[in-house]
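Trainee: Heads up: the sequence shown begins at 1 in full-length UniProt numbering, then just goes up one per residue.
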Amino acid sequence: MKKIDIVRSYWKSEGEKDLSEILSHFDEHAKFSSPTMQLVGKNNIKTFYEGMVNGFKKIEVTPTHWVEQNDEIAVEYDVVLVRNSGEERFAKGFNLFEIKEGVISSLRCYFNPADF
């Protein structure tokens, strides 16, 4: 499977708000970093995604540009978020994924937290 297909599958599971499926994309000892947190291990990463799936009615991520090299793929994306209140948000971001043996071993997220 191509790295972009793994990324699309990961974002599809986010859109379906399927916590178990989201987490299946991560290695047990994966690293996750964003402007607001640094997490290590699937159990800690789970906490972040619980907030996402419970905090939004809709999460729709569309990759717009990407480049792959070795175990890494850098992806620029657009996202539409609808909060449980009905408020709709639009944002852009960039993620750097390290994918080994078909799962995410490291995910570095770059975005403006105010957009979320």
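Each residue gets a CB set at the ideal place from its N, CA and C atoms; glycine is no exception. Here the structure is a predicted model, which means the values were calculated and not measured.
Could you check what DSSP says for Thr36 in three-state terms: helix, strand or coil?
Mentor: To locate residue 36, count along the sequence shown from 1; it is residue 36. Coil at Thr36, not helix or strand.
Trainee: Grab the span of the alpha helix (DSSP H) containing residue 141 for me, first residue to last.
Mentor: The chain is shown only over 1 to 116; residue 141 falls outside these bounds and no answer can be derived.
Trainee: Would you give the residue range spanned by the alpha helix (DSSP H) that Asp5 belongs to?
Mentor: Here residue 5 is taken as the residue at index 5 of the sequence shown, counted from 1. Residues 3-15.
Trainee: Can you tell me the Cα-Cα spacing of Lys31 and Val40, whole angstroms?
Mentor: Here residue 31 corresponds to residue number 31 of the sequence shown, with the count starting at 1. Here residue 40 corresponds to residue number 40 of the sequence shown, with the count starting at 1. So the alpha carbons of these two residues sit roughly 5 Å apart.
Trainee: Is it true that the CB of Val7 sits closer than 8 Å to the CB of residue 121?
Mentor: For the chain, the structure presents residues 1 to 116; residue 121 sits outside this window and is missing.
Trainee: In the DSSP output, what is Ala91 paired with across the bridge?
Mentor: Residue 91 sits at position 91 when you count from the first residue of the sequence shown. For Ala91, which the question treats as bridged, DSSP gives the partners Val79.
Trainee: Within this structure, are the beta carbons of Val103 and Asp27 separated by less than 8 Å?
Mentor: Counting from 1 along the sequence shown, the entry for residue 103 is found at position 103. Counting from 1 along the sequence shown, the entry for residue 27 is found at position 27. Yes, the Cβ-Cβ distance between Val103 and Asp27 is below 8 Å.
Trainee: Taking Tyr10 as the reference, give the member of Ile99, Met37, Asn84 with the closest Cα.
Mentor: For the purposes of this step, residue 10 is taken as residue 10 along the sequence shown, with counting starting at 1. With distances taken between Cα atoms, Tyr10 lies closest to Ile99.
Trainee: Using a 10 Å radius around the Cβ and a threshold of 16 neighbouring Cβ atoms, would you call Lys3 buried or exposed?
Mentor: What you label residue 3 is simply residue 3 of the sequence shown in a count that begins at 1. When all chains shown are included, Lys3 counts as buried.
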